[in-house]
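K.L.:
Structure incoming, see below.
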Amino acid sequence: MRFHTAMLFVVSLSYVGCGGRHESVSSSTAQVELTYWPAPNIQEIQLADTIVKTWNRDHPSVHVRMQPIPVSQSTEEVLLAAIAGKTTPDVCSNIWPGALHDYTESGGLIPLDSFSDFDSVVSSRVPAELLKTFRSSDGHYFQFPWKTNPVMMFYNKRLFHEAGVESPPRTYSEFLLDGQRVTRDTNGDGQTDVWMGERDIRPIWWQRLFDFYPFYIAASGGKTLFTDGKITYGDEPAVSVFGFFQKCYGEHYFPRTFFQGGDPFLLEKKATHFAGPWEVATIQKYAPGLDFGVAPLPVPDSFRGPVYTTGDFKNISIFSTTTHPREAWEFVKYLVTAEHDLLMLEICNQIPVRGDLQTNPLFAPYFRVNPLMISFAQQAPFTRGMDAVPDLKEIFDAISQEYELCAVYGTKTPAEAVRDAVARTSSIVEWNQ
Amino acid sequence: MTTAALFRDRLRKSDSQGYLFVLPYVVYFLAFVAYPLIFSIALMFNRWNIVTPMEWIGLKNFIRMIHDPLFFKSLENTVIFLLIHIPLQIVVALGLALLLNSKLRLRFFFRAVYFMPVVVSGVVVTILWQQLYSFDYGILNNILSSIGLPRIPWLVDAAYAMPSIALMATWKNVGIYIVLFLVGLQNIPAELYEAASLDGASRADKFMHVTLPMLNPTIIAIVILSTIGGFSLFIEPYVLTGGGPMQSTLSTMLYIYNQAFYFDHMGYAATLGIVFAVIILGVVAVQRKVIEAES
């Protein structure tokens, strides 16, 4: 009896030892339960609910329980707390690449390239050049690129037309010239009623993801803040971006104040707005009469080439607390099928990260009905994510402080502000090493 | 008899039910006061971002703090806030308390009105003031404009932002200090005023030589409470300005919060927190000594 027990123990150990590439599949008869956290907004909950229902119908042995990410100030806070408390779900589809380093450093995620079919699945969907930007410094992929929200320039056609501007500005000079025409006092009370643009002037780090960062990516032809782990944004494109926004505030085309009482773009108090495709649904819902267009971000006058922007990517990861990695991976593959990407477009108005978006006939009817989304689909291949470096939030905070000093209040020249931002970034990187 | 035996004997003789009654508080104290404090002190010598194991770094957090201009800027901002807020708080609270202590019609109604902001959530009050302070659309600037005065950049100019926050904080908290002053005023014996009147004292003389000296203990309490409250300035800059413009409203509490919960630098935030607590303790001790010596 004792011998049999010992043998069973040895055999079971050998099974565990062979499971290095997460190939162990649960018995098809056993009921496996996976927990899936989508983003906690109405559209994505609806999308997740639809996909999970069909999965559960088609896969009776692997039941997925959908639970929106618990509401907090940010998904990243919730996920960090969950990692610390070992209460992470099996799968989450709201992974911001900028926070990925924190999750991987703590061993919170499973490398997806440990699954034998990862390469074939991901390469059939994501262009190779874009895929590389999601590889972690250790060479592994801990995230499956899922959706992108390219930050572009929305513009109010009526306000432009009233000011005699017939096409959206493509360069900084054009933007500033249009700003001169569009920004005006419409009722003669001495106060400006229509602004060319507006940004939250508070020095909050994530606000820079909608002005400095996409504009830097655009001005630099697709560069991010770091190259091969080295700070490389202390260059001319960064200076030109700071200079551009300094002129916007200095010439009073952007207000140095907070707008109260609603979104100024929806209220037609500002003519341009930098946002992703999610804004289309918001405008259509809350300001259905607003006549607007979408265009690439303005670039420096001397810039030539495709205009890049930030993708505001949200990706899928599997947490290392899962006891069913293989089943979790199967579910991830199910989430990213072309049919479900079409659902994402239809329900969420968000762009799936896939190379065949404009060529696959499956998506053509959607773009025929939603022509505004074509601009985002065309922009999607020219997007960049976040650098996979630690302390990205603190780095953006440092940039934010310098942006405020230079662009909003004009107390530093653009060159000084960029130099100081780079110096502070170096200190942050050095301290945290 | 050994010490342990003596302790056991004493425990046996004492009322064991008493220990049971204090047990809930002892558990609460250990879990929510003692443990976090000891943990924070341990954190001061570590680098920790919650999810990765702690890393012992000796005195590096202190060295960083000494070379951190933003920490000192935040201390400077907090002191500026206190220098505006405390005198303003005392003058306004005392003035209103004197009015509400007189035989005013509807004084109970006014007492309730002035106390109301104290019980309203700080975030709600701050959002309301954000609307009032708005440069283009705020009611304050609309009033100024309507009487031909220039608009004031309440929250978007480094020179105005902290005084604006101090003004708002005074409005929010003045009710509680009015109550304290009212208690102090009602405890001043009427005979003192009668005696002063017989000596021919004017109303101003009575205020300077009777009311103020008799309110000294209340003033000490209010200065100390306002100082401690002022040092913990957080909600107002967090909601109103995010620490701007140009870091002029970055309070120390906001900076510590950013380090801990935005940047996950728990060790550094604990260092700043403990050092800040020691500074508050020192300031309050000095304040108390000075005020007591003066009185």
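Residue numbers (our numbering), protein chains in the order written: chain A, 1 to 433; chain S, 1 to 295. For glycine and all other residues, C-beta sits at the position ideal for the given N, C-alpha and C.
#1: Is it buried or exposed for S/Glu236, if we count other Cβ within 10 angstroms and need 16 for buried?
#2: Quick one: is S/Ile86 buried, meaning 16 or more other Cβ sit within 10 Å of its Cβ, or exposed?
#3: Just curious, the alpha helix (DSSP H) that A/Val326 is in, first and last residue?
#4: Cβ of S/Lys206 versus every heavy atom of the ligand NAD: is any distance shorter than 8 Å?
#5: Can a CB atom of chain S be found closer than 9 Å to the CB of A/Ala421?
#6: State yes or no: is the beta carbon of A/Leu405 nearer than 9 Å to at least one beta carbon in chain S?
#7: Alpha carbon to alpha carbon, what distance is there between S/Leu182 and S/Arg203?
#8: Just the C-alpha distance for S/Phe214 and S/Ser102, rounded to the nearest angstrom, thanks.
#9: Chain S partners of A/Trp37, CB-CB under 7 Å?
#10: What residues in the region 279-313 of chain A have a beta carbon less than 7 Å from any beta carbon of chain S?
#11: Who are the neighbours of A/Ile204 on chain S, taking C-beta pairs under 8 Å?
#12: At least one CB of chain A closer than 9 Å to the CB of S/Tyr137: is that the case?
#13: Report yes or no: is there a C-beta of chain S within less than 9 Å of the C-beta of A/Val408?
#14: Around the Cβ of A/Lys269, are there at least 16 other Cβ atoms within 10 angstroms (buried) or fewer (exposed)?
#15: Quick check on A/Ser27: does DSSP put it in helix, strand or coil?
#16: Inspect the CB distances between the region 383-402 of chain A and the region 416-426 of chain A and report whether three or more fall short of 8 Å.
#17: Could you work out which residues of chain S lie near A/Lys393, taking near to mean beta carbons separated by less than 9 Å?
#18: Which one of S/Val278, S/Asn173, S/Thr227 has the shortest CA to CA distance from S/Gln287?
#19: List the residues of chain A whose Cβ lies closer than 9 Å to the Cβ of S/Phe147, in chain order.
#20: With respect to the alpha helix (DSSP H) encompassing S/Glu76, which residues constitute its N-terminal and C-terminal limits?
#21: If you count every other CB in all the chains shown that lies within 10 Å of the CB of A/Leu8, and 16 or more means buried, which is it?
#22: Rounded to the nearest angstrom, what separates A/Tyr15 and A/Tyr36 at their Cα positions?
#23: Sort A/Ala281, A/Leu109, A/Pro361 by Cα distance to A/Ile347 and report the nearest one.
#24: What does the Cβ neighbour count give for A/Pro255, buried or exposed, with the cut at 16 atoms within 10 Å?
#25: Three or more beta-carbon pairs under 8 Å between the region 34-53 of chain S and the region 258-267 of chain S, yes or no?
#26: If the cut is a Cβ gap below 7 Å, which residues of chain A does S/Thr52 touch?
#27: Residues of chain A with CB under 8 Å from S/Met65, in chain order?
#28: Would you report the Cα separation of A/Glu33 and A/Lys86, rounded to the nearest angstrom?
#29: What are the boundary residues of the beta strand (DSSP E) that S/Met54 is part of?
#30: Among the residues of its own chain, which have a CB less than 8 Å from the CB of A/Ser26, if the five just before and after it don't count?
#31: For A/His63, does the three-state DSSP call read helix, strand or coil?
#32: Please state the DSSP three-state secondary structure of A/Ile51.
#33: Going by Cα to Cα distance, which pick from S/Leu272, S/Leu20, S/Tyr133 is closest to S/Val330?
#34: Using 9 Å as the threshold, is the C-beta distance between A/Tyr253 and A/Leu176 below it?
#35: Flag A/Leu100 as yes if its beta-carbon sits less than 9 Å from any beta-carbon of chain S, otherwise no.
#36: With A/Val369 and A/Lys147 assumed to form a contact (beta carbons below 8 Å), what rounded beta-carbon distance in angstroms separates them?
P.N.:
Taking the coordinates as given:
#1: buried
#2: buried
#3: At residue 326 of chain A the sequence reads Arg, which differs from the Val that was named. Start and end: 325-335.
#4: What this structure holds is no ligand at all, so the ligand NAD is not there to describe.
#5: no
#6: yes
#7: 18 Å
#8: This sequence places Met at residue 214 of chain S; Phe is not what is there. In a straight line, the C-alpha of S/Met214 is about 17 Å away from that of S/Ser102.
#9: Under the 7 Å cutoff, chain S gives no residues; its nearest Cβ is about 17 Å from A/Trp37.
#10: none
#11: Gly242
#12: yes
#13: yes
#14: buried
#15: For A/Ser27, the pLDDT reaches just 41, beneath the cut-off of 50, and the residue's location in the model is therefore unreliable, although a value from the coordinates is still provided. Three-state result, A/Ser27: coil.
#16: yes
#17: Tyr262, Phe263, Asp264
#18: S/Thr227
#19: The residue you asked about is not Phe; residue 147 of chain S is Ile in the sequence shown. Result: empty, since nearest Cβ-Cβ is about 14 Å, beyond 9 Å.
#20: 69-101
#21: Note that A/Leu8 scores a pLDDT of 38, beneath 50, so its modelled location is shaky; the value from the coordinates is reported in the next line. That one is exposed.
#22: With a pLDDT of 37 at A/Tyr15, under the threshold of 50, the modelled position of this residue cannot be trusted, and the question is left open.
#23: A/Ala281
#24: buried
#25: yes
#26: Glu105, Ser106
#27: Ordered by position in chain A, no residue passes the 8 Å Cβ test against S/Met65, which lies about 12 Å from the chain.
#28: 17 Å
#29: Premise fails: S/Met54 is in no beta strand (DSSP E) and is neither H nor E.
#30: For A/Ser26, the predicted model reports a pLDDT of 43, less than 50, meaning its position is unreliable; a value from the coordinates is still stated below. Val32, Ser61, Val62, His324, Arg326, Glu327.
#31: strand
#32: helix
#33: Given a span of 1 to 295 for chain S in the structure shown, any question on residue 330 of chain S remains unanswerable.
#34: yes
#35: no
#36: That pair is no contact at about 19 Å.
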